[in-house]
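Heads up: the sequence shown begins at 164 in my numbering, then just goes up one per residue.
All C-beta atoms in this analysis are idealised placements derived from N, C-alpha and C, irrespective of residue type, glycine included.
Keep in mind that this is a model prediction, so the values were computed, not measured.
Reading through the structure tokens given below for one structure.
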Amino acid sequence: MATPPSPRAPSARPSRRRRRRKCRAPAFKNARHGLPGALRALRACAAAAAGGAAAGAVAGPEISYAATAPWLQRISQNAVQRFCRSRNLTFVILQLALEVAVFAEYSWEIFGACLELEFRWFYLLLPYGLLAVNTGFFFLSCITDPGVCNRCVHRFDHHCVWVNNCIGALNIRYFLPYLGTLTLMAACLALLIAAFLLQVVLLSGLMLGSYQEWATEINSIVQHLFLTFPRIVLLLGFLLLLSVLVGSYTCFMSYLLLTNQTTNEWFKRRAGCPECWLLLPHQQHSTFQNEYSKDFLGNIREVFRPNIYLKKKEM
């Protein structure tokens with residue numbers, strides 16, 4: 164004789180509707196005790212809702228990552244660890260190859276053409292001087308030992324794959340001039356190439372458009388220049404993009420220098436706990452107090468003369 168099925172045990176997990184009622188109940192209950200109690204209850208409910216939203220946002224990437232094939236996960240983890248979080252000469256060789264290609268094109272075609280157009284020698288030789296200074300700061304950033312890479316670096320800023328080294332207190336004074344000279348070098352080359360192409364357009368009469376009944380448009384001029392000087396136009400686009408990217412990053416690093424912050428500290432401060440912003444009063448989280456910031460000259464002196472501050476701490 165078959166035994167009747169036992170009734171299903173009630174689930175210990177409350178339903179979504181019950182959980183919402185539990186969140187609302189303290190608000191109305193504490194509202195009887197006055198406005199401060201209601202505000203505290205509403206703040207607690209808002210923190211709980213924000214915590215649930217944050218958990219859902221975090222669970223999304225975890226679910227998508229779990230759905231990825233295991234072999235693809237291993238390949239991506241190994242690639243990130245090898246190229247972005249450890250010492251590797253790939254990006255150093257790539258950077259040197261790009262510099263050789265850029266200056267080979269500049270020396271082979273643009274330098275001689277600019278001489279024929281009577282450009283001044285100072286402007287034509289300026290990129291070579293910036294290249295020499297930039298190369299010196301580049302190798303100083305590479306060979307200066309800031310500590311045990313990715314483990315124990317004094318005033319750790321970040322790990323830069325382009326110099327194959329961690330940036331810390333002992334080599335950031337070389338890394339910042341390296342960024343500045345790289346930006347100036349790319350901008351100087353871009354201005355020289357743009358001036359050369361502008362002279363070509365003016366001397367060839369493309370702006371007049373005498374062979375047409377209407378004025379020549381900019382798109383037609385750019386297309387004509389690309390068909391005539393394809394490598395030079397591509398080089399100009401690459402240098403403009405490099406100037407914007409490296410220039411923006413140089414401005415960001417200069418801001419960190421003047422405020423005596425590191426990239427690591429800035430990102431950790433930006434990735435704060437969202438629940439704390441809801442629970443704390445407005446006066447406690449409206450402003451950020453940087454404890455390490457000194458005056459203008461003190462911040463610069465600490466970056467470019469770190470040995471003095473290290474000796475003071477030891478004493």
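At a Cβ-Cβ threshold of 9 angstroms, E272 and R394 count as neighbours. Put simply, the backbone Cα of N382 is about 25 angstroms away from that of L408. Where H322 is concerned, the enclosing beta strand (DSSP E) starts and stops at H321 to C323. Shown here, N297 sits in a helix according to DSSP, grouped into three states. Annotated as proximal: F338 and F300, with beta-carbon spacing under 9 angstroms.
Annotation: the segment 341-405 contains the following complete segments of the alpha helix (DSSP H) (minimum length 4 residues), in chain order: 381-391. Rounded to whole angstroms, A358 and T346 show a C-alpha spacing of 18 angstroms. As DSSP reads the structure, I330 sits in a beta bridge with H321.
A350 places its beta carbon 9 angstroms or farther from that of S411. Distance from A353 to L288 at the Cβ level is roughly 17 angstroms; contact not present, criterion being Cβ atoms closer than 8 angstroms. Around the beta-carbon of H317, fewer than 16 other beta-carbon atoms lie within 10 Å, marking it exposed. With 16 or more neighbouring CB atoms inside 10 Å of its own CB, F392 falls in the buried class. Going by DSSP, W429 is part of the alpha helix (DSSP H) stretching over T426 to R433.
For G343, the CB contacts under 7 angstroms within the same chain, skipping 5 residues up- and downstream, are T413 in chain order.
V396 and L252 have their alpha carbons spaced roughly 30 angstroms apart.
For the pair E268 and L419, the CB atoms are not nearer than the 9 angstroms cut-off.
Rounded to the nearest angstrom, the Cβ distance from N334 to N327 is 12 angstroms, too far for a contact under 8 angstroms. Secondary structure at E279: helix, using DSSP grouped into helix, strand and coil. DSSP places L252 outside both helix and strand once states are collapsed to three, so it counts as coil. Classified as exposed, F415 has fewer than 16 neighbouring CB atoms from the shown chains inside 10 Å of its CB. In its chain, beyond the 5 residues on either side, R336 have a beta carbon closer than 6 angstroms to the beta carbon of F467.
Judged by their CB atoms, L388 and V364 are nearer to each other than the 9 angstroms cut-off.
Exclusion of the five residues before and after F266 leaves L294 as the residues of its chain whose Cβ lies within less than 7 angstroms of its Cβ. Counting of Cβ neighbours within 10 angstroms places Y291 among the exposed residues, the total staying below 16. Collapsing the DSSP output to three states places Y455 in coil.
Collapsing the DSSP output to three states places R336 in a helix. Counting every other CB atom within 10 Å of its CB across the protein chains shown gives A332 a total of 16 or more, marking it as buried. With a beta-carbon spacing of about 21 angstroms, W325 and Q424 fall beyond the 8 angstroms limit used to define contacts.
The alpha-carbon separation between V296 and C323 amounts to approximately 19 angstroms. Taken through DSSP and simplified to helix, strand or coil, N423 comes out as coil.
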